[in-house]
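Asks: Chains as they are written, first to last, in this note's numbering: chain A, 1 to 233; chain B, 1001 to 1283; chain C, 2001 to 2278. For each residue, glycine too, the CB sits at the ideal point set by N, CA and C.
As structure tokens, this is what we get:
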């Protein structure tokens, strides 16, 4: 009797299958850590480019924007080659670990965060620039003020990064190896079940993944709501 | 700008190393196996490995990719053990010094699957070459792995035997998916195309639609699986001891019996055929 | 259209209304204590943007105390002049001297500017002031509340700044400027877009601050306002200072054609014919 993907998904969750929860847990860990790292590097980069004029600024902006189109499988391949035992960073022993997956995803998401935050911050910086100069703020103080004032737009940027991270499979499957109980995440599990022809299970996992994303977004939106009430202009 | 970049790079590396400290000092010894997909996807490893892990307290981590990728990864020293089904490539691997020695583990066979309607009419044909000839002549849709795997190499050898010019083949009927076995079967089922697959993958495959095995049992379709320990001389990082323990166990009576016992709905997927091994000399 | 006489009489009334040293409670208004005196001098200042010269050979010496109003037609270069004085624009040639010293970061730290359009941070009213105080390591809730009370915004301390009305936002901008404890306060058409009530509040505070010793340099289009607040007028035309005198003299006896045209409410351009300039 063919179960629909939705009911299968529901039953999977209800049965509290330990393997499933292990996979969900690892997905969350890898995604959240990579988004966090991407925010640290991406916001710093985006804010710096937005507020500093230097030679080649235009070129750097174009480069960052283009890196948003980095194909995940290419990044996976490059990170594999770097972390392979026969590669330059093989001595770290990071291949086929969640850390390698985090590295690959951070490389993918940082340009996204940098490009989007640069635009958002640049727009506000134009407005604030003269006033900041009047107050004699240091570059660091200016960036801090801008980041805080852009917080709602930047939250959306973070969610975009999270979306990319949760849905990514091409890079993590190469550098993680989709090893059972070690580097298997939701997306690689879906790929595996598809290759085993178990399409209903693959779909059910997809439904669960989407539900995870939905819950995270709903949670963050509820925090946002009180600020929206203040009609943040 | 430069100092910020340097600081970023430094903190990035620091974060990575810090995160990895937990990984490096695992309590158990581990064996990394680069494997073909049929052994993994069929569920054989899930059946077999827990026994080994309990007895020897060694964790076996399996990276299941196509044969071609598995061999490449092993060459890059990203494996302790290689388990694939492409004898020529395996022999070359050992000959080039990457592998210590190659052992037979088990065998099964390849089959041709197709839709119930059998558009090219290959049901009942005597030899696989004739069957493929019929598909070629009628230009019926055929899906190929196209990914340098054991299955793909076998398929190519068969086409060569009936003089199909694979370089200039007409893509209207010959579809090279460049994918793993599961994805290729999904594609074949979706297209209504024939394809060659190993029996184990097919029996355990869940998206069969109305497909059946339309050709089997030609001796040419014999499919041998081999296991190799990666050579520490080429790859100093190999876990030589644990890898050897795993291979010894795989070839032992206990494991071989287990392999024969493994079945899906009464159908056996793999047939053990390891040569009896001399007892290891105690040094 | 105000006649010269009306402006003059208003100015006189105003001067009489504000006592010489103020009846301000200096104990409570700590932001009005200890303001250093600074004397500004501009030497041969020029400023160009591409082919266009906005300021040409400006030489100025301003008195230490009081309010100086900078006036002129649109495009005369008033805002540019203010920004150069404040140091947020760099002149192509010439120098800005404070107390005979070349302008540097320390001087600028003791100055503040209020722009025509208030640039408030996207936070609460009080957070806007806290921001400046924290930056100067002078964070002090009492001080912040004093400033808010001075500008009449203490009741709206928690509100998002951007939700305040135009007048309230400008008062906040002014309070924020005063949080810098400025020796010099620049106002660039600060009340141009405001209603009379808000304008009056701001003028009162500016006047108080000036009395306490802050040098005020303001650009204004409002002749009456200049007459009310300023002791000195600088009149700019097409990038040069064409007239500089005390308020009474300027309004009663302007010397240049441009200034006369301005006060009469006529348009003036040197290339127009004599008849147009009458």
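Going by DSSP in three states, residue 1081(B) sits in which element: helix, strand or coil?
Replies: Mapped onto the second chain, residue 1081(B) falls at position 81. Three-state DSSP puts residue 1081(B) in a strand.
Asks: Quick one, which of 183(A), 78(A), 160(A) and 122(A) has its alpha-carbon nearest residue 104(A)'s?
Replies: What you label residue 104(A) is simply residue 104 of the first chain in a count that begins at 1. Distances from the CA of residue 104(A) to each of 183(A), 78(A), 160(A) and 122(A) were compared; the closest alpha carbon is that of 78(A).
Asks: Under a Cβ-count criterion, where at least 16 other Cβ atoms within 10 Å of its own Cβ denotes burial, should residue 1110(B) be classed as buried or exposed?
Replies: Position 110 of the second chain, counting from 1, holds the residue named residue 1110(B). Under this definition residue 1110(B) is a buried residue.
Asks: Do the stretch 2189-2201 of chain C and the stretch 2221-2240 of chain C meet, that is, are 3 or more Cβ pairs less than 8 Å apart?
Replies: Verdict: yes, contact present.
Asks: Over what stretch of residues does the beta strand (DSSP E) that includes residue 1214(B) continue unbroken?
Replies: Here residue 1214(B) is taken as the residue at index 214 of the second chain, counted from 1. Residues 1212-1215.
Asks: Taking a cut of 7 Å between CB atoms, which residues from the stretch 1157-1190 of chain B lie near chain A?
Replies: Cβ contacts with chain A: 1180, 1182, 1183, 1185 and 1186.
Asks: Would you mind sorting residue 1034(B) into buried or exposed? The rule is 16 or more other CB atoms within 10 Å of its CB.
Replies: Against the second chain, residue 1034(B) aligns to sequence position 34. A buried status is given to residue 1034(B), since no fewer than 16 other beta-carbon atoms sit within 10 Å of its beta-carbon.
Asks: Give, in chain order, every residue of the stretch 164-181 of chain A whose Cβ lies closer than 8 Å to some Cβ of chain B.
Replies: 177, 178, 179 and 180
Asks: Out of curiosity, what's the CA-to-CA distance linking residue 1057(B) and residue 1028(B)?
Replies: Taking the second chain and counting its residues from 1, the one referred to as residue 1057(B) is at position 57. Taking the second chain and counting its residues from 1, the one referred to as residue 1028(B) is at position 28. One C-alpha to the other measures close to 7 Å.
Asks: Cβ of residue 91(A) less than 9 Å from any chain C Cβ?
Replies: Translated into positions along the first chain, residue 91(A) becomes position 91. No, residue 91(A) lies away from the interface with chain C (no Cβ there is under 9 Å from its Cβ).
Asks: Inspect the CB distances between the stretch 1071-1084 of chain B and the stretch 1180-1199 of chain B and report whether three or more fall short of 8 Å.
Replies: no
Asks: For residue 118(A), return the contacting residues in chain B, with the cut-off set at a CB-CB distance below 8 Å.
Replies: For the purposes of this step, residue 118(A) is identified with residue 118 of the first chain, where counting begins at 1. None at all; the shortest Cβ gap to chain B is about 14 Å.
Asks: Using DSSP with H/G/I as helix, E/B as strand and the rest coil, what is residue 1059(B)?
Replies: Mapped onto the second chain, residue 1059(B) falls at position 59. The answer is strand: DSSP assigns residue 1059(B) an E or B state.
Asks: Under DSSP, the alpha helix (DSSP H) around residue 1243(B) begins and ends at which residues?
Replies: Taking the first residue of the second chain as 1, we reach residue 1243(B) at position 243. Counting along the chain, the alpha helix (DSSP H) containing residue 1243(B) begins and ends at 1240-1251.
Asks: Tell me the DSSP secondary structure of residue 1143(B) in three-state form.
Replies: The residue you call residue 1143(B) lines up with position 143 of the second chain. Strand at residue 1143(B).
Asks: Compare the C-beta of residue 2083(C) against all C-beta atoms of chain A and say whether one is closer than 9 Å.
Replies: Here residue 2083(C) refers to the residue found at position 83 when the third chain is read from its first residue. Yes, residue 2083(C) counts as interfacial toward chain A.
Asks: Leaving aside the five residues before and after residue 2069(C) along the sequence, list all residues of the same chain whose C-beta is less than 6 Å from its C-beta, in chain order.
Replies: Locating residue 2069(C) in the third chain gives position 69, where the first residue counts as 1. So the qualifying residues of the chain are 2218, 2220, 2226, 2230 and 2233.
Asks: Any beta-carbon of chain A closer than 9 Å to the one on residue 2070(C)?
Replies: Indexing the third chain from 1 puts residue 2070(C) at position 70. False, the Cβ-Cβ gap to chain A never drops below 9 Å.
Asks: Any idea if residue 1160(B) is buried or exposed, counting beta-carbon neighbours within 10 angstroms, 16 or more meaning buried?
Replies: Translated into the one-based positions of the second chain, residue 1160(B) becomes position 160. Exposed, by the Cβ-count rule.
Asks: Could you tell me which chain A residues have their CB closer than 8 Å to the CB of residue 1032(B), listed as they occur along the chain?
Replies: Residue 1032(B) sits at position 32 when you count from the first residue of the second chain. By Cβ distance, chain A contributes 96.
Asks: Measure the CB-CB distance between residue 2192(C) and residue 2111(C) and report whether it falls below 9 Å.
Replies: Here residue 2192(C) corresponds to residue number 192 of the third chain, with the count starting at 1. Here residue 2111(C) corresponds to residue number 111 of the third chain, with the count starting at 1. No, these two residues do not count as a Cβ contact at 9 Å.
Asks: Measuring CA to CA, which of 2128(C), 2095(C), 2122(C) and 2208(C) is closest to residue 2067(C)?
Replies: What you label residue 2067(C) is simply residue 67 of the third chain in a count that begins at 1. Distances from the alpha-carbon of residue 2067(C) to those of 2128(C), 2095(C), 2122(C) and 2208(C) put 2208(C) closest.
Asks: To the nearest angstrom, how far is it from the Cα of residue 2024(C) to the Cα of residue 2205(C)?
Replies: Position 24 of the third chain, counting from 1, holds the residue named residue 2024(C). Position 205 of the third chain, counting from 1, holds the residue named residue 2205(C). Because residue 2024(C) sits at a pLDDT of 32, beneath the cut-off of 50, its placement in the model cannot be relied upon, and the following sentence gives the value as read from the coordinates. Roughly 11 Å separates the two Cα atoms.
Asks: Decide if residue 2098(C) is buried, meaning its Cβ has at least 16 other Cβ atoms within 10 Å, or exposed.
Replies: Within the third chain, residue 2098(C) is the residue found at index 98, counting from 1. By the neighbour-count rule (16 or more Cβ atoms within 10 Å), residue 2098(C) is buried.
Asks: Under the three-state reduction of DSSP, which class applies to residue 2056(C): helix, strand or coil?
Replies: For the purposes of this step, residue 2056(C) is taken as the residue at position 56 of the third chain. Note: residue 2056(C) maps to strand in three-state DSSP.
Asks: For the stretch 2211-2254 of chain C, list the beta strand (DSSP E) runs that are entirely contained and at least 3 residues long, ordered along the chain.
Replies: 2215-2219, 2232-2237 and 2240-2246
Asks: Can you tell which of 2175(C), 2100(C) and 2165(C) has its C-alpha closest to the C-alpha of residue 2149(C)?
Replies: Here the question's residue 2149(C) lines up with position 149 in the third chain. With distances taken between Cα atoms, residue 2149(C) lies closest to 2175(C).
Asks: Quick check: what's the CA-CA separation for residue 1023(B) versus residue 94(A)?
Replies: Position 23 of the second chain, counting from 1, holds the residue named residue 1023(B). Position 94 of the first chain, counting from 1, holds the residue named residue 94(A). With a pLDDT of 47 at residue 1023(B), under the threshold of 50, the modelled position of this residue cannot be trusted; read the value that follows with caution. Near 8 Å, if we compare the C-alpha coordinates of residue 94(A) and residue 1023(B).
Asks: Looking at the structure shown, is residue 2041(C) part of a helix, part of a strand, or coil, going by DSSP?
Replies: On the third chain, position 41 is the one that residue 2041(C) refers to. Of the three classes helix, strand and coil, the one that applies to residue 2041(C) here is strand, per DSSP.
Asks: In angstroms with no decimal places, state the Cα-to-Cα distance between residue 1067(B) and residue 1059(B).
Replies: Working through the second chain from its first residue, we reach residue 1067(B) at position 67. Working through the second chain from its first residue, we reach residue 1059(B) at position 59. Looking at the two C-alpha atoms, the distance is approximately 22 Å.
Asks: With distances taken Cα to Cα, identify the nearest neighbour of residue 113(A) among 39(A), 203(A), 219(A) and 22(A).
Replies: Position 113 of the first chain, counting from 1, holds the residue named residue 113(A). Nearest neighbour of residue 113(A) by Cα position, chosen from 39(A), 203(A), 219(A) and 22(A), turns out to be 39(A).
Asks: Could you name the residues of the same chain whose beta carbon sits closer than 7 Å to that of residue 1045(B), not counting the 5 residues immediately before and after it, in chain order?
Replies: Translated into the one-based positions of the second chain, residue 1045(B) becomes position 45. Only 1039 and 1062 meet the Cβ criterion.
Asks: Quick check on DSSP: helix, strand or coil for residue 1309(B)?
Replies: A question about residue 1309(B) goes unanswered here, because the residues of chain B that appear run from 1001 up to 1283.
Asks: For residue 1071(B), name the three-state secondary structure that DSSP assigns.
Replies: What you label residue 1071(B) is simply residue 71 of the second chain in a count that begins at 1. The answer is helix: DSSP assigns residue 1071(B) an H, G or I state.
Asks: So, helix, strand or coil for residue 1131(B), using DSSP?
Replies: For the purposes of this step, residue 1131(B) is taken as the residue at position 131 of the second chain. Residue state, collapsed to three classes: helix.
Asks: Using only alpha-carbon positions, find the residue among 163(A), 145(A) and 172(A) that is nearest to residue 51(A).
Replies: As a first step, residue 51(A) is located in the first chain; it is residue number 51 there, counting from the start. Measuring from the Cα of residue 51(A), the nearest candidate turns out to be 145(A).
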